[in-house]
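Numbering (my numbering), first residue to last: 255 to 365.
Beta carbons are placed, not taken as given, at the ideal position from N, Cα and C, and that holds for glycine.
In structure tokens, the structure reads:
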């Protein structure tokens, strides 16, 4: 399943590079993982699950994931505003890979 690319190909011009560009960063894969586990979550629930992340960093991460088409942001018209996040079809297509990483980690981490 290897691709034939030349040694002078830039990584950013590959599918691997594209994938890293949209899921790279400290918290993006963690947000995607939790949405994959629970389906729909609000901002505060994500914040509690992630732990040591500022509200600003979480907001920035969510905006980037939404911009890249990986998550949906649904705002309910009520006071105070209720906002929920869920995976798009594109975002959900990443979940099997994230869960495979979890399985690999469970298998290979020191006991």
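Counting C-beta neighbours from all protein chains within 10 Å, is the total for residue 319 16 or more, i.e. buried, or is it exposed? Position 65 of the chain shown, counting from 1, holds the residue named residue 319. Label assigned to residue 319: buried.
Beta strand (DSSP E) containing residue 265: first to last residue? As a working mapping, residue 265 is identified with position 11 in the chain shown. No beta strand (DSSP E) holds residue 265; DSSP gives it neither H nor E.
Contacting residues, own chain, Cβ-Cβ under 8 Å from residue 317 (five flanking each side not counted): Sequence index remark: in the chain shown, residue 317 carries index 63 (1-based). Nothing meets the Cβ criterion.
Out of 277, 313, 326 and 262, which has the shortest C-alpha to C-alpha gap to residue 338? Counting from 1 along the chain shown, the entry for residue 338 is found at position 84. Cα-wise, what sits closest to residue 338 is 326.
Answer with buried or exposed for residue 345, where buried requires no fewer than 16 other C-beta atoms within 10 angstroms of its C-beta. In the chain shown, residue 345 corresponds to position 91, counting from 1. It counts as buried.
Tell me the start and end of each unbroken alpha helix (DSSP H) in the region 269–307 that is at least 4 residues and wholly inside, in chain order. 269–277, 282–292 and 297–304
Mark residue 300 as exposed unless 16 or more other C-beta atoms lie within 10 angstroms of its C-beta, in which case mark it buried. Here the question's residue 300 lines up with position 46 in the chain shown. Residue 300 is buried by the Cβ-count criterion.
How many whole angstroms separate the CB atoms of residue 324 and residue 284, which I take to be in contact at a CB cut-off of 8 Å? Looking up residue 324 in the chain shown gives position 70. Looking up residue 284 in the chain shown gives position 30. The pair is not a contact, with the Cβ atoms about 13 Å apart (cut-off 8 Å).
Between residue 290 and residue 341, how many whole angstroms is the CB-CB distance? I'm expecting something under 8 Å. Within the chain shown, residue 290 is the residue found at index 36, counting from 1. Within the chain shown, residue 341 is the residue found at index 87, counting from 1. Rounded, the Cβ-Cβ distance is 7 Å, consistent with contact.
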